[in-house]
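Engineer:
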Amino acid sequence: MTVAGRQILPGGNAPDAAILTPKDLFAGLDAEFGFDGGPGLPFDPCPYPRPEGFDGTVVPWGRSSYVNPPFGKPGFTAWVRKALAERDRGNTVVLTMPVYGWIARLLEAGAETRVRRDWRWETPSGKTRKPSQPLVVWVLRP
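To convert, note that position 33 of the sequence shown is 55 in this note's numbering; the numbers rise steadily by one, no gaps.
1. How many Å lie between Pro91 and Leu47 at the Cα?
2. If the criterion is Cβ atoms closer than 9 Å, does the pair Ser87 and Val116 meet it?
3. Tyr88 bridges to which residues according to DSSP?
4. Under a Cβ-count criterion, where at least 16 other Cβ atoms within 10 Å of its own Cβ denotes burial, should Tyr70 be classed as buried or exposed?
5. For Leu128, write down the residues that DSSP places opposite it in a beta bridge.
6. My guess is that Val158 and Thr135 are in contact by the Cβ rule of under 8 Å, so how many angstroms apart are they, rounded?
7. Among Ala53, Ala105, Ser154, Lys45, whose alpha-carbon lies nearest the alpha-carbon of Arg138?
8. Give the secondary structure of Thr79 by DSSP, where H, G and I count as helix, E and B as strand, and everything else as coil.
9. Check Asp140 in the structure and name its three-state DSSP category.
10. Taking 7 Å as the limit between beta carbons, can you name the residues of its chain near Phe57, skipping five residues before and five after?
11. Give the range of the beta strand (DSSP E) segment to which Leu157 is assigned.
12. Could you check how far apart the C-beta atoms of Leu162 and Ala133 are, in whole angstroms? I think they sit under 8 Å.
13. Between Thr150, Asp140, Thr145, Glu144, which lies nearest to Pro156 when the distance is taken from Cα to Cα?
14. Among residues of its own chain, excluding the 5 on either side of Pro32, which ones have a beta-carbon nearer than 7 Å to its beta-carbon?
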């Protein structure tokens, strides 16, 4: 059975390992974005239980998809790359992912963001080293 909006925790396909998107949240998003398949029956790139060998990051998605990716492999980066590729094909993707509370607070406050991938840490002595992650600059204006 395919159920929209489930996340799979490291426990696998066990019934209590799945986390469902709240029905009212999903219904509101479905009403706004019209997910493929009709109300309550959208295509689910993250089905639960996941069929053997199924990988939602490599199959084509529809013109409007709700994606609540599972925790674990292939990992959130793969889901984001796939969501961006689908957007580039002209499809709408509504992607839900957990974030730290402080990030949500900054976004809710309307913070501007600038992403830097070409930066280096600098020590007081002037030495530099490459960081392991991109840098996000948060701008809060009055």
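Backbone N, C-alpha and C fix where the C-beta goes; we use that ideal spot for every residue, glycine too.
Structural biologist: So, to answer that:
1. For the purposes of this step, residue 91 is taken as the residue at position 69 of the sequence shown. For the purposes of this step, residue 47 is taken as the residue at position 25 of the sequence shown. Here the alpha carbon of Pro91 sits roughly 16 Å from the alpha carbon of Leu47.
2. Taking the first residue of the sequence shown as 1, we reach residue 87 at position 65. Taking the first residue of the sequence shown as 1, we reach residue 116 at position 94. For Ser87 and Val116, yes; Cβs fall inside 9 Å.
3. For the purposes of this step, residue 88 is identified with residue 66 of the sequence shown, where counting begins at 1. In the DSSP output, where bridge partners are listed per residue, Tyr88 has Val116.
4. Counting from one through the sequence shown, the residue named residue 70 turns up at place 48. Around the beta-carbon of Tyr70, 16 or more other beta-carbon atoms lie within 10 Å, marking it buried.
5. As a first step, residue 128 must be located in the sequence shown, where it is residue number 106. None; Leu128 has no bridge partner.
6. Locating residue 158 in the sequence shown gives position 136, counting from the first residue. Locating residue 135 in the sequence shown gives position 113, counting from the first residue. Yes, they are in contact, since the Cβ atoms of Val158 and Thr135 sit about 6 Å apart, within 8 Å.
7. In the sequence shown, counting from the first residue as 1, residue 138 sits at position 116. Minimum Cα-Cα distance from Arg138 among the listed residues Ala53, Ala105, Ser154, Lys45 corresponds to Ser154.
8. Locating residue 79 in the sequence shown gives position 57, counting from the first residue. Correct three-state label for Thr79: coil.
9. Residue mapping note: residue 140 aligns to position 118 of the sequence shown, counting from 1. When secondary structure is reduced to three states using DSSP, Asp140 falls in the coil class, being assigned neither helix nor strand.
10. Position 35 of the sequence shown, counted from the start, is the residue given in the question as residue 57. Leaving aside the five residues that flank Phe57 on each side, the residues in its chain whose CB is nearer than 7 Å to its CB run, in chain order, Pro64, Ser86, Ser87, Tyr88.
11. Within the sequence shown, the letter at position 135 stands for residue 157. Leu157 -> beta strand (DSSP E) spans 157 to 161.
12. For this step, residue 162 is matched to residue 140 along the sequence shown. For this step, residue 133 is matched to residue 111 along the sequence shown. 5 Å between Cβ atoms; contact.
13. As a working note, residue 156 is residue 134 in the sequence shown. Closest option to Pro156, Cα to Cα, is Asp140.
14. Here residue 32 corresponds to residue number 10 of the sequence shown, with the count starting at 1. Residue placement at Pro32 is flagged as unreliable, the pLDDT there being 41, under the threshold of 50; a coordinate-derived value is accordingly withheld.
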